[in-house]
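Undergrad: Quick one: the structure is below, questions incoming.
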Amino acid sequence: GDSVTQMEGPVTLSEEAFLTINCTYTATGYPSLFWYVQYPGEGLQLLLKATKADDKGSNKGFEATYRKETTSFHLEKGSVQVSDSAVYFCALSDRTNAGKSTFGDGTTLTVKP
Amino acid sequence: EAGVTQSPTHLIKTRGQQATLRCSPISGHTSVYWYQQALGLGLQFLLWYDEGEERNRGNFPPRFSGRQFPNYSSELNVNALELEDSALYLCASSSEGQGTTDTQYFGPGTRLTVL
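Chains as they are written, first to last, in this note's numbering: chain A, 155 to 267; chain B, 32 to 146.
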C-alpha cells in the first residue's frame, strides 16, 4: 500500500538557518503530493502541493519539488523564522485510492531566536 | 469565508456507547473527508463523501460509519466504542470532488475520549 516516510524530528534551528525536511513516498499509482503545517493550537492547513513530476510547489518561502525518480518531495526554506515553528506533515493522494490521503508522522520544527 | 467547523470540540464516552461527531464544510464544498489522529498512529483516513455518496473508505471496522446530508454537512458515527477509539477526529472538505488532486481544508477536530 501507499506510505510516506518523513525525517524524524524534532528539528531545532536558529533563526535564518536553512531548513530541509526530507519526505519519501511509496505509491501504487501516480500520486499528488502535499505538505501540511499545523501551528500550535491550530488545525492542519495546506502549505503547498504538486500534482505531477517535476512540479514545484511553493508558498510563504517554502518550496518542494516532486521528484518521481527518487520518489521524494523534500521541503525547503532558505531562511526560517521563529513563526515557522510548527509540525509539518508530508502527504500523498493516489489516483488508485481516490479521496484517501496518506500522511507521514509529522516533523516538529522549533526555531529559536 | 467561514472555515470547516466541527462539533463538539470534546466528547467523553464510556466503552460500549455510541458517539456522533458533526462536520460542516466550507460553503460551496461538496466533498467531506474524515480522519482519525490517534496518539502514536498518526493521521489515518476514515471516509470520503462526495455529493451525498460514500466514495472511499479506509481500513476501519464497520462500526465506524457516517453520512453526508443534502447541505453537504456530515456526521461520523462510532458504535460500540472501544478504549482505542480515543483520538482526535479531523474533518476536511474540498471543492473539486476529484479526491486525489483536491486541496483539503481541515477543521479543528473533535477530541473523543473513551473511558
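All residues carry an ideal CB built from backbone N, CA and C; glycine is no exception.
Can you name the residues that DSSP bridges to Gly-97 (chain B)?
TA: The residue you call residue 97 (chain B) lines up with position 66 of the second sequence. The partner list for Gly-97 (chain B) (beta bridge, DSSP) reads B:Leu-107.
Undergrad: Which residues does DSSP list as the beta-bridge partners of Gly-211 (chain A)?
TA: By one-based count along the first sequence, residue 211 (chain A) stands at place 57. Answer is A:Ala-218.
Undergrad: Which residues of chain B have a Cβ atom closer than 9 angstroms to the Cβ of Phe-218 (chain A), listed in chain order?
TA: What you label residue 218 (chain A) is simply residue 64 of the first sequence in a count that begins at 1. Reading the sequence as shown, one finds Ala at residue 218 (chain A) and not Phe. The contacting residues do not exist; Ala-218 (chain A) stays about 15 angstroms from chain B at best.
Undergrad: DSSP beta-bridge partners for Tyr-190 (chain A)?
TA: The sequence position of residue 190 (chain A) within the first sequence is 36, counting from 1. Answer is A:Leu-200, A:Phe-243, bridged to Tyr-190 (chain A).
Undergrad: Using the Cα positions of Lys-231 (chain A) and Val-35 (chain B), report the straight-line distance between them to the nearest angstrom.
TA: Walking along the first sequence from the start, residue 231 (chain A) turns up at place 77. Walking along the second sequence from the start, residue 35 (chain B) turns up at place 4. Cα to Cα, Lys-231 (chain A) sits roughly 28 angstroms from Val-35 (chain B).
Undergrad: Along the beta strand (DSSP E) that carries Tyr-179 (chain A), what are the first and last residues, could you check?
TA: To locate residue 179 (chain A), count along the first sequence from 1; it is residue 25. Run containing Tyr-179 (chain A): 177–180, per the beta strand (DSSP E) assignment.
Undergrad: Could you compute how far the alpha carbon of Thr-147 (chain B) sits from the alpha carbon of Gln-199 (chain A)?
TA: Beyond the ends of chain B as shown, which are 32 and 146, falls residue 147 (chain B); an answer cannot be given.
Undergrad: Grab the span of the beta strand (DSSP E) containing Ser-38 (chain B) for me, first residue to last.
TA: Counting from one through the second sequence, the residue named residue 38 (chain B) turns up at place 7. Note, Ser-38 (chain B): beta strand (DSSP E), 36–38.
Undergrad: Run through chain A and tell me which residues come within less than 8 angstroms of Arg-142 (chain B), C-beta to C-beta.
TA: As a first step, residue 142 (chain B) must be located in the second sequence, where it is residue number 111. What Arg-142 (chain B) touches in chain A: nothing, since even the nearest Cβ is about 12 angstroms away.
Undergrad: So if DSSP puts Thr-264 (chain A) in a beta bridge, which residue, or which two residues, is it bridged to?
TA: Position 110 of the first sequence, counted from the first residue, corresponds to residue 264 (chain A). For Thr-264 (chain A), which the question treats as bridged, DSSP gives the partners A:Thr-166.
Undergrad: So, for Glu-127 (chain B): in the same chain, excluding its five sequence neighbours on each side, which residues have a beta-carbon less than 7 angstroms away from its beta-carbon?
TA: Position 96 of the second sequence, counted from the start, is the residue given in the question as residue 127 (chain B). The residues are Asp-133.
Undergrad: Taking Cβ positions only, does Tyr-120 (chain B) come closer than 9 angstroms to chain A?
TA: Residue 120 (chain B) sits at position 89 when you count from the first residue of the second sequence. No, Tyr-120 (chain B) does not count as interfacial toward chain A.
Undergrad: Out of B:Cys-122, B:His-41, B:Val-145, state which residue places its alpha-carbon closest to the alpha-carbon of Cys-54 (chain B).
TA: Residue numbering aside, residue 54 (chain B) sits at position 23 when the second sequence is read from its first letter. That would be B:Cys-122, whose Cα lies nearest to the Cα of Cys-54 (chain B).
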